[in-house]
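Visitor: For the sequence shown, position 84 (counting from the first letter as 1) is numbered 84 according to the UniProt record's numbering, and the numbering increases by one without interruption.
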Amino acid sequence: MYNECLYSSLWPLLTRGEDKTIEDRFIEEVKKSDQLELAVGFVSYKSLMELDKLVTQQNIKNVSLILGMYFFNGFPEELLKLTLEINDKWQKSWIGEIRVIHSFRYHGKLYCFLKNHEVYSTMIGSPNLSFLTTKLMWQQYEIALLTNDLKILEKTKSHIDSLKSENISKNIAVLAKNQQLIVIKTDAIESKNPSKIDRKNIFKK
1 MYNECLYSSL WPLLTRGEDK TIEDRFIEEV KKSDQLELAV GFVSYKSLME LDKLVTQQNI
61 KNVSLILGMY FFNGFPEELL KLTLEINDKW QKSWIGEIRV IHSFRYHGKL YCFLKNHEVY
121 STMIGSPNLS FLTTKLMWQQ YEIALLTNDL KILEKTKSHI DSLKSENISK NIAVLAKNQQ
181 LIVIKTDAIE SKNPSKIDRK NIFKK
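(1) Below 7 Å CB to CB, which residues in the same chain sit around residue 84 once its five sequence neighbours on both sides are set aside?
(2) Measure the Cβ-Cβ separation of residue 105 and residue 169 and say whether it is below 8 Å.
(3) Would you check if the distance between the CB atom of residue 160 and the CB atom of residue 110 is smaller than 8 Å?
(4) Taking the C-alpha atoms as reference points, what is the distance between residue 157 and residue 80?
(5) With 16 as the cutoff for other CB atoms within 10 Å, does residue 96 come out buried or exposed?
(6) Round the Cβ separation of residue 39 and residue 66 to the nearest angstrom and send it over; I've been treating them as touching at under 8 Å.
(7) Below 8 Å on the Cβ atoms is my contact criterion, and I expect residue 55 with residue 130 to pass it. Report the Cβ-Cβ distance as a whole number of Å.
(8) When the distance is taken between beta carbons, is residue 122 closer than 8 Å to residue 152?
(9) Which residues mark the beginning and the end of the beta strand (DSSP E) in which residue 77 is found?
(10) Taking residue 114 as part of the beta strand (DSSP E), name the residues at either end of that continuous run.
(11) Can you list, in chain order, the residues of its chain with a C-beta nearer than 7 Å to that of residue 146? Leave out the 5 residues immediately preceding and following it.
(12) Buried or exposed, going by whether 16 or more other CB atoms sit within 10 Å of the CB of residue 103?
(13) According to the neighbour-count rule (16 or more other Cβ atoms, all chains shown, within 10 Å of its Cβ), is residue 57 buried or exposed?
(14) Threshold first: 3 residues or longer. Then list the beta strand (DSSP E) segments lying entirely within the stretch 5 to 40, N to C.
(15) For residue 206, which residues of its own chain have a beta-carbon under 7 Å away from its beta-carbon, when the five flanking residues on both sides are left out?
(16) Taking C-alpha atoms, which residue in 72, 114, 68, 88 lies nearest to residue 108?
(17) Could you check the C-alpha separation between residue 16 and residue 35 for me, to the nearest Å?
(18) The beta strand (DSSP E) with residue 169 in it runs from where to where?
(19) Please classify residue 119: is it buried, with 16 or more other beta-carbons within 10 angstroms of its beta-carbon, or exposed?
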């Protein structure tokens, strides 16, 4: 059994020696996997693109990404379009889907790595799925635990399975089709006046 603490590497608190960053270990675990089960509050545009690349490059057979905050907080317009595109790609390839939690705000961050239908490691911690891209000056410092403790593996997999229940989450395309997703215009996000944020349903005709 192993338990490994993982950190961001941000000046002046940089990783040292043989310490691995969260990004490093995530990619290493993906390369050993054939299935991914991920549940996070938020995802960044570029990290979602990188995840899709990893899924393709590593020939991942099944991937499930659950997003916990957007149903209530709203989706940035471009991120929503990308999320729908990748969900459609995964579904048409019969490898997975992207789900959105609609019953409550979910801010957990849980990453399960599977091989032959068995969870062999889990990463739990503070990072949303936004660490797979070039580091930015304003990036937050994050910490996570990577473990293969059997009890934790069982509980985390069971937890993610529960999040997939239809009364808790739905496929993002279903919510879009039913006009249940809110979009936040990109120019409004960049506005200095948050009161001008335009929140509306882009699927209404």
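Glycine is no exception: its CB is placed at the ideal position from the N, C-alpha and C atoms.
Guide: Here's the rundown:
(1) Here residue 84 corresponds to residue number 84 of the sequence shown, with the count starting at 1. So the qualifying residues of the chain are 172, 173, 176.
(2) Position 105 of the sequence shown holds residue 105. Position 169 of the sequence shown holds residue 169. Cβ distance not < 8 Å, so residue 105 and residue 169 don't count as in contact.
(3) Reading the sequence shown from its first residue, position 160 is the one you call residue 160. Reading the sequence shown from its first residue, position 110 is the one you call residue 110. Cβ atoms of residue 160 and residue 110: closer than 8 Å.
(4) Counted from its first residue, the sequence shown places residue 157 at position 157. Counted from its first residue, the sequence shown places residue 80 at position 80. Cα-Cα distance, rounded: 26 Å.
(5) Numbered from its first residue, the sequence shown carries residue 96 at position 96. Under this definition residue 96 is a buried residue.
(6) As a position in the sequence shown, residue 39 is number 39, starting the count at 1. As a position in the sequence shown, residue 66 is number 66, starting the count at 1. The Cβ separation is near 4 Å, so the contact holds.
(7) To locate residue 55, count along the sequence shown from 1; it is residue 55. To locate residue 130, count along the sequence shown from 1; it is residue 130. With 8 Å as the limit, residue 55 and residue 130 do not qualify as a contact, their Cβ atoms being about 17 Å apart.
(8) Against the sequence shown, residue 152 aligns to sequence position 152. Against the sequence shown, residue 122 aligns to sequence position 122. Yes.
(9) Here residue 77 refers to the residue found at position 77 when the sequence shown is read from its first residue. Per DSSP, residue 77 belongs to no beta strand (DSSP E); it is in the alpha helix (DSSP H), 77 to 92.
(10) Position 114 of the sequence shown, counted from the start, is the residue given in the question as residue 114. Start and end: 110 to 115.
(11) Position 146 of the sequence shown, counting from 1, holds the residue named residue 146. Only 4, 6, 25, 121, 123 meet the Cβ criterion.
(12) Translated into positions along the sequence shown, residue 103 becomes position 103. Answer is exposed; the Cβ neighbour count stays below 16.
(13) Position 57 of the sequence shown, counting from 1, holds the residue named residue 57. With fewer than 16 other Cβ atoms within 10 Å, it is exposed.
(14) 35 to 40
(15) With the chain represented from 1 up to 205, any question about residue 206 goes unanswered, as that position is not in the structure.
(16) Residue mapping note: residue 108 aligns to position 108 of the sequence shown, counting from 1. Residue 108 has its Cα closest to that of 68, out of 72, 114, 68, 88.
(17) The residue you call residue 16 lines up with position 16 of the sequence shown. The residue you call residue 35 lines up with position 35 of the sequence shown. Distance between the alpha carbons of residue 16 and residue 35: 31 Å.
(18) Mapped onto the sequence shown, residue 169 falls at position 169. Run containing residue 169: 169 to 171, per the beta strand (DSSP E) assignment.
(19) As a working mapping, residue 119 is identified with position 119 in the sequence shown. That one is buried.
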